[in-house]
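Below is one structure, written out as C-alpha cells; the observations come after it.
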Amino acid sequence: MKKHFTYFSFSLISLLFICCFNCTSEKPQQETVTNPEIMVDSAYQQPFRLAYHFSPEKNWMNDPNGLVYYQGEYHLFYQYNPEGVAHANMSWGHAVSKDLVYWEELPLAIGTGPGDEQIFSGSAVVDINNTSGLCEGSDCLVAIYTAHTDSLQTQHIAVSNDKGRTWTKYENNPVLDLHMKDFRDPKVFWYEKEKKWVMVVALPQQKMVSFYSSTNLTNWKKLSDFGPQGDASGIWECPDLFELPVENGGVNKWALLVSYNPETGSDMQYFIGNFDGKKFTNDNSDDLILKVDDGEDFYAAVTWNNSPDDRILGIGWLSNWKYAKQTPVTAWRGAQSVVRQFTLKEFPEGIRLVQNPVQELEKLRTAHQHFDNLTISEKSNAEELTISGTTLEIIAEFEYQADSITGLSDVVEFGVMVFKGQDQETIIGYDVASQSLVVDRTNSGDTAFNASFPVKEATLMPTDDYTVKMHIYVDQSSVEVFGNDGYKAMSFRIFPDPLKDQVELYVNGGAVAVRSLDIWKLKSIWEKTEIQATASATAE
Ligand code: FRU
C-alpha cells in the first residue's frame, strides 16, 4: 500500500530560503567548496564509516572506559580487540581529545594477560595527592578495571605516569576479589565530603550494584548494595553515579546510571536519589523505570571524571548486544555516540535526566540553511531536492493546531526523513495522538542481518503548547535525536544504501507550521590538510 505521507521537499524550501535569508539578519554561508588540499584518510572513507563520531581505525570496539580529563586532554579508553572485528582479546584502546570533537587514536593502552586474562570495562581517576603511593610524582592516572577470565572477574588497577600513554599493572592485583564469575565494571570517583574514593560496581546476575570505599585505591571496604529495582529483566552492567544540581529545583540530586541487557536487547536506565557517602536511596518507587535513551543503540554510557567547569559529560557505545556482532561492516566495528552533557531538571512528573550534545560540536558546522515560519501540508512537492547529505545537523521546531478542549488534531504525524532515496528512508517524527517522538528504521537500508534490527520505536514526549523540537545528528550510519531540548534522546545505527542522502519534511494529515528550521552540513573530524597528513606520516 502506498504510504499516505506528504512531502515538502527542499527544492521548494530553497526558493523560500532565498526569501528567508533576505528577511532575516543571518547571513547565508556558502556551500563548502571542495578544497583539494583537504584529505580524509582512506580508512575513514569506508562504507558506513562515521565522519564525526569516534571509531577506531580498525577492529572491534564496544564500551567507553576510563573517561577522565587530565592536563588538557579528555581521555577516551574503550573496549577494544587489537586483532580483529570480533568481540575477543578485550583490551583498552585509547584516544584523546582537547575539545570533545576531534579525537586522536593512540597506541593500545592496556593489553591482555597474564594468561587468558582480558581487560574488561572500568574507569580512571587522577590520583591527585598520590593516595595510592604508586605515582612517580605528586599525581598520576590510575585505571580501575575488571580482569576477566571465563571463571572469574576481579577488580584490578594499573598506573600511568605519562598522561595515559603507557600503563603498569599493579603487582598486588586484584584489589577486589569476591571469587565470583560475574562482578564487573567498576566506576570510581572522588567523594570530596569524606575525602575518599567511592566505587560503584555491578553484580550482573543479581541485578544489583555495590558500593565500596577506599583511601588509597588498593584497599576497598564494602559500603552497601542497591537493587534489584527499576528494570531487572536482564543482567546489570556498567554503573555510574554522579551528583548534579536540579536546574529549576534548588537542590542537588544523585543520578545512578545502570546498563542492562535482557533478551529484548541492551538498554540503559537511571535512578534519581541521594548518596550519603555510603548508600544510594532511590527517590522514586522501586518499579519506576526511567530510560536514559529510548533508541536501540546507546549502551554502557559513562561520564568523565574531573571534567572542567563541573560539567557532567558522557558518551555511550552506539550499538546493542542483540546484533552488535553482525553489523554489516568489515575492517572496523563499533562507534561511540557524540559527547553529551547531562543535567537534571524538574518536570511535572518529577526530576528527570536531560541530555544534549556538547556545544563544542558546533565547530563542525559548514554549509547552512535557515528557514522561518514555513507551512507544510498535504500537497506534495517531492520532485527536486537541493539539500542532501549524510553528515548533518538539523534543528527543527514544529507547531501543530489542535482543539483546545479535546486536544484532537487533524495532524496524524509529522517530522523529518533522512537517508532518503527511492524506496528508502529513516523517519524521525512526532505522533500526535500518542504524543510520542518516533524513529522508524524499518525501511532504512540493510536491516536483514538481524531479525530484530528493523524497528519503529516511540517514546512519550507530551507537549502542552503543541510545539515539538527536534535536534538531529545524522552521520553516515547513525541518527541521534534529542527531543524538546534534551527531554528525550533516541539513538540508532542505520545502514542505508549508497546515495540515500536526501532530507525531507513530511506531514501525514492536516498542516504543520515549521517555526524554524536549521540545517548544517558537518565536517569530518578525520579531515587533514596535506601538510598535517605529511607530518603525521613522517612521524609514524
Ligand atoms: C558491557 C560489557 C561489560 C563488560 C564489557 C566486555 O557492554 O558486557 O559488562 O565489562 O562489555 O567487553
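Position one of the sequence shown corresponds to residue 629 (this note's numbering), numbered consecutively onward.
All residues carry an ideal CB built from backbone N, CA and C; glycine is no exception.
- The distance from the Cβ of Ile1022 to that of Gly1073 is about 19 Å, inconsistent with a contact at the 8 Å cut-off.
- Lys1116 counts as buried, since at least 16 other C-beta atoms from the protein chains shown sit within 10 angstroms of its C-beta.
- With fewer than 16 other CB atoms across the displayed protein chains lying within 10 angstroms of its CB, Asn880 is exposed.
- Taking the C-beta atoms as reference points, Phe1120 is found no nearer than 7 Å to Val1044.
- For Met896, the shortest C-beta to heavy atom distance toward the ligand FRU is 6 Å or greater.
- In this model, Asn844 and Thr774 are separated by some 18 Å (Cα to Cα).
- Assigned with DSSP and collapsed to three states, Glu988 falls in helix.
- Taking 6 Å as the cut-off, the C-beta of Asp1113 does not count as close to any heavy atom of the ligand FRU.
- Under the criterion of beta carbons closer than 8 Å, Asp691 and Ala928 qualify as touching, at roughly 4 Å.
- Beta-carbon to beta-carbon, Pro956 and Phe1077 are separated by about 5 Å, close enough to satisfy the 8 Å threshold.
- Within the same chain, Leu678, His681, Ser683, Leu946 come within 6 Å of Ala963 by CB-CB distance, once the 5 residues on both sides are set aside.
- Taken through DSSP and simplified to helix, strand or coil, Asp778 comes out as coil.
- Less than 7 Å separates the beta-carbon of Val1140 from that of Ile1004.
- Residue pairing by DSSP places Arg993 opposite Leu1150 in a beta bridge.
- DSSP, reduced to helix, strand and coil, places Lys907 outside both helices and strands of the structure shown, so it counts as coil.
- In the structure shown, Gln833 falls within a helical segment according to DSSP collapsed to helix, strand and coil.
- Its Cα nearest to that of Asp669, the residue Glu732 stands out among Glu732, Tyr702, Leu981, Arg968.
- Distances from the alpha-carbon of Ser838 to those of Trp864, Glu822, Val753 put Trp864 closest.
- Spatial neighbours of Ser788 in its own chain (CB-CB distance under 7 Å, excluding positions within 5 residues in sequence) are listed in chain order as Cys768, Leu769, Thr794, Trp795.
- Counting only runs of 3 or more residues that sit fully inside the region 1053 to 1139, the beta strand (DSSP E) segments are 1064 to 1068, 1084 to 1088, 1095 to 1103, 1106 to 1111, 1116 to 1121, 1130 to 1136, in chain order.
- Ala959 and Val1102 have their alpha carbons spaced roughly 22 Å apart.
- For Asp1125, same chain residues with a beta-carbon under 8 Å away, outside a window of 5 residues either side, are Gly1049, Gln1052, Gly1073, Asp1074 in chain order.
- The three-state reading of DSSP puts Ala671 in helix, counting H, G and I together.
- Per DSSP, the continuous beta strand (DSSP E) segment holding Ser719 begins and ends at 719 to 725.
- Cβ-Cβ distances below 6 Å link Ala1086 to Ser1064, Val1066 in the same chain, with the five nearest sequence neighbours on each side left out; the list follows chain order.
- By the beta-carbon neighbour count (other beta carbons within 10 angstroms, threshold 16), Leu872 is buried.
- Cβ-Cβ distances below 6 Å link Met1118 to Asp922, Gly923, Val1067, Val1109 in the same chain, with the five nearest sequence neighbours on each side left out; the list follows chain order.
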